[in-house]
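Novice:
Residue numbers (our numbering): 5 to 840.
In structure tokens:
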């Protein structure tokens with residue numbers, strides 16, 4: 005590279021100018037991907053490689069065979085990378101080698117296995133805002149999963165963005181400043197919004213693209229016909245992937261429309277407050293060891309099952325029939341432990357065929373992927389046989405969706421070697437005996453290698469040079485290497501090709517003749533192996549639809565099996581689902597806390613809620629007694645029931661809910677200027693404005709972030725509103741320290757008082773963790789402070805102040821006695837004597 009004006013640099017500049025701003029260009033030069041100018045300056049520190057200069061041009065490079073590792077670092081940093089390949093051999097044409105961008109990889113379109121998390125989807129989102137509603141599309145390019153949803157509520161948009169955490173979201177560039185998107189950016193700043201061409205989201209162009217891709221006459225079969233927001237979101241995003249990023253999309257065979265009313269609505273706050281998944285997980289930093297419901301339920305055997313279970317936990321069903329179908333399937337495995345074990349053993353041998361077929365369909369993958377696919381498909385007949393005796397409708401359906409594809413299994417077993425290399429260009433891919441012509445070429449190459457070994461031995465003996473070696477490199481081909489110490493013994497017929505510091509390199513006519521035979525056979529056999537590999541891969545890709553259906557069925561079977569396994573090991577029972585408004589739990593337990601190794605023995609508790617005489621429970625009791633655990637466990641049990649899971653209780657009957665709300669704890673949002681109290685009030689407002697009689701509300705303190713009188717007033721008014729407003733009137737658990745709220749039960753027929761039982765021993769209390777009817781007589785806050793280790797003087801003084809506050813007495817001067825008491829105490833301890 006002489007300067008920026010060389011033909012190669014002009015080619016680089018031309019290709020770079022066609023990319024979106026900020027895209028890093030991997031420019032293929034021989035065995036390296038090179039980066040220049042600002043790309044090198046940005047990428048080098050991210051990849052932790054040296055930034056160099058040549059002719060004042062900043063540059064850096066990486067070996068092409070190690071690109072995936074470096075690509076991972078750039079993608080995780082939120083950067084886009086364009087892969088530019090040489091599309092013709094050097095010397096095949098006059099002038100510079102032709103190069104083209106083969107694909108652009110972005111955070112939302114990663115398919116590389118080493119970069120992805122096997123247990124969660126990597127979604128690219130699409131948004132299209134219309135006057136009628138918000139269209140949302142989600143595509144996992146690594147699996148081919150493609151679905152859409154529509155809503156006129158911006159909160160649903162925020163919930164979906166938080167729930168599925170797309171790595172990137174494609175939006176029309178003229179909507180990038182829309183206030184509805186501003187809310188998303190404000191609440192979820194980690195979401196990357198990518199502006200795309202406006203016209204690609206317009207209904208006609210988006211519709212035409214989708215119809216042509218799926219090969220259908222209309223989108224009626226997908227439930228999207230005439231839905232402008234849905235079609236725009238899906239089509240605009242799809243254009244971005246296929247045309248702007250140059251990605252292969254042949255494995256995307258279906259578009260699904262999700263109906264929001266079929267699912268139990270859980271916002272981000274509720275998912276975290278109920279410990280369904282960890283808050284860090286929603287931000288992409290969670291660990292499998294975080295104590296969550298997902299961890300408790302997850303004994304899945306496949307990566308596909310792990311991803312689906314996460315989806316079920318965050319988005320349970322709200323469809324009575326669908327819930328019962330899942331329960332029936334779980335019941336089959338609970339009743340037949342041998343079947344449960346056999347299904348688990350069979351699934352344990354299944355690889356991630358969902359992502360494998362996506363890689364293969366996108367022109368990627370290697371021979372090991374083909375072997376893994378064949379070995380996975382080989383296990384399917386046994387799984388189908390195990391399911392033959394199952395009569396549950398869902399299991400019958402899953403059995404019918406599992407396609408063993410024996411012809412694919414046989415093809416892979418006969419064509420692909422047992423332990424092929426990861427590289428596709430070095431041979432060793434195809435099994436001996438599959439192709440006679442290939443075997444012949446390999447034999448020629450093998451004989452040639454044997455001849456080389458014999459030739460080396462004979463030349464060593466003839467020349468007397470014992471360290472004479474026959475070697476090979478890509479520049480000179482085969483050559484004879486002789487150290488300079490033996491230069492005098494080199495025969496005259498040896499032709500010198502290169503002189504090194506300590507050695508000389510030579511060729512001979514006989515060596516060149518055999519080189520032609522050997523390398524010719526090797527090159528032909530390697531090329532033939534690659535062609536055979538491609539044919540086998542294409543044959544598998546032709547079955548993409550059946551393999552994807554199989555992957556979906558295996559994932560669902562794995563999740564059902566996992567929930568069954570958890571039900572048996574943790575003594576869960578099948579809840580009775582109803583279409584009424586009762587929520588009854590006998591001896592309920594918290595599934596996460598009872599699994600924690602250092603937790604105390606868990607005390608089960610009962611719950612009885614409905615929308616009439618037990619609609620709002622006021623729960624009082626001291627700190628640390630278990631109020632928060634109890635009300636959250638009710639929420640978690642409700643979530644598990646709506647997943648189709650069995651639940652930690654002796655008995656449960658649960659009416660199908662539409663939504664679960666939680667208002668728990670104290671937290672602020674200083675980055676957006678929201679105090680603890682403001683956050684609390686906004687969460688409360690969301691509940692009051694969106695709850696319905698089919699909702700469950702979990703309130704853990706309201707009004708604690710302001711003055712006592714203000715707090716009590718707000719909490720009282722909220723409770724009355726939940727009870728009296730017929731449009732809300734949701735089943736509610738309200739844990740509070742405001743004992744004044746227990747008076748609500750006197751005037752409101754649907755309010756009941758409960759408390760956490762404690763036992764007093766002198767100045768200390770013992771928490772019995774049992775929920776009993778009736779309000780608590782006091783908070784025991786000072787007793788808890790004593791347990792926390794506050795000094796005795798502070799504890800004593802707090803008791804004195806509490807008594808004065810409870811007495812409510814005033815001094816002769818009309819001041820609270822708390823002031824008089826403090827003054828008296830100071831005077832008694834003063835060392836200065838009074839004159840009189």
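Quick reminder that beta carbons are idealized off the backbone N, C-alpha and C, glycines included.
1) Does the count of Cβ pairs from the region 617 to 633 and the region 565 to 580 closer than 8 angstroms reach three?
2) Just verifying my parser: in three-state terms, what is the DSSP assignment at residue 581?
3) Taking the Cβ atom as the reference point for each residue, do residue 107 and residue 251 lie within a distance shorter than 8 angstroms?
4) Is it right to say residue 111 is buried, meaning 16 or more other beta carbons lie within 10 angstroms of its own, or is it exposed?
5) Could you give the first and the last residue of the continuous beta strand (DSSP E) run that contains residue 501?
6) Note the first and the last residue of the continuous beta strand (DSSP E) segment covering residue 206.
7) Can you tell me whether residue 529 is buried or exposed, with buried defined as 16 or more other CB within 10 angstroms of its CB?
8) Just mark residue 282 as buried or exposed, buried being the case when its beta carbon has 16 or more other beta carbons within 10 Å.
9) According to DSSP, which residues form a beta bridge with residue 349?
10) Who are the Cβ neighbours of residue 525 in its own chain at under 7 angstroms, not counting the five residues just before and after it?
11) Judging by CA-CA distance, which residue of 311, 305, 372 and 315 is the nearest neighbour of residue 4?
12) Here's a check: name, in chain order, each residue in its chain whose Cβ is nearer than 8 angstroms to the Cβ of residue 28, leaving out the five neighbours to either side.
13) Where residue 75 and residue 32 are concerned, what is the direct C-alpha to C-alpha distance, given to the nearest angstrom?
14) Applying the criterion that 16 or more other CB atoms from any shown protein chain within 10 Å of the CB defines a buried residue, is residue 122 buried or exposed?
15) Secondary structure at residue 328, three-state DSSP: helix, strand or coil?
16) Quick one: what's got a C-beta closer than 6 angstroms to residue 585's C-beta in the same chain, skipping five residues either side?
17) Assuming residue 513 is part of the alpha helix (DSSP H), what are its boundary residues?
18) Name the DSSP beta bridge partners of residue 153, please?
19) Determine whether the beta carbon atoms of residue 383 and residue 350 lie at a separation below 8 angstroms.
20) Taking the beta strand (DSSP E) that residue 176 falls in, what are its first and last residues?
21) Shortest alpha-carbon distance to residue 747 belongs to which of 739, 738 and 757?
22) Under a three-way DSSP split, which group does residue 715 fall into?
23) Could you tell me whether the region 494 to 513 touches the region 527 to 543, where touching means 3 or more Cβ pairs closer than 8 angstroms?
24) Between which two residues does the beta strand (DSSP E) containing residue 477 stretch?
25) Out of 773, 101, 775 and 707, point me to the one whose CA is closest to residue 742's CA.
26) Does residue 100 pass the burial test, meaning 16 or more other C-beta atoms within 10 Å, or should it be called exposed?
27) The alpha helix (DSSP H) spanning residue 650 covers which residue range?
28) CB of residue 93 to nearest heavy atom of the ligand MG: below 7 angstroms?
29) For residue 243, which residues of its own chain have a beta-carbon under 7 angstroms away from its beta-carbon, when the five flanking residues on both sides are left out?
30) Out of 25, 130 and 11, which has the shortest C-alpha to C-alpha gap to residue 98?
31) Return the first residue and the last residue of the beta strand (DSSP E) that residue 710 is part of.
32) Using a Cβ-Cβ cut-off of 8 angstroms (strictly less than) and excluding sequence neighbours within five positions of residue 196, which residues of its own chain qualify?
33) Quick one: Cα of residue 494 to Cα of residue 475, how far?
34) Looking only at C-alpha atoms, which of 342, 406 and 730 sits nearest to residue 388?
35) Just mark residue 272 as buried or exposed, buried being the case when its beta carbon has 16 or more other beta carbons within 10 Å.
36) Do the CB positions of residue 751 and residue 624 come within less than 8 angstroms of each other?
Specialist: With the structure as the only source:
1) no
2) It is a strand residue.
3) yes
4) buried
5) 499 to 503
6) Segment: none, residue 206 is in no beta strand (DSSP E) and carries neither H nor E.
7) buried
8) buried
9) Its beta-bridge partners do not exist; DSSP assigns none.
10) 445, 448, 449 and 452
11) Since the first and last residues shown for the chain are 5 and 840, residue 4 lies out of range.
12) 39, 43, 46, 47, 78, 83, 84, 85 and 86
13) Going by the C-alpha atoms only, they are around 14 angstroms apart.
14) exposed
15) helix
16) 614, 615 and 659
17) 513 to 545
18) 140, per the DSSP bridge assignment.
19) A contact, by the Cβ cut-off of 8 angstroms.
20) 172 to 176
21) 757
22) helix
23) no
24) 473 to 477
25) 707
26) exposed
27) No alpha helix (DSSP H) contains residue 650, which DSSP labels as neither H nor E.
28) As far as ligands go, the structure on display features none, and thus does not contain the ligand MG.
29) 204 and 213
30) 11
31) Per DSSP, residue 710 belongs to no beta strand (DSSP E) and is neither H nor E.
32) 82, 111, 112, 171, 172 and 173
33) 16 angstroms
34) 406
35) buried
36) Residue 751 places its beta carbon 8 angstroms or farther from that of residue 624.
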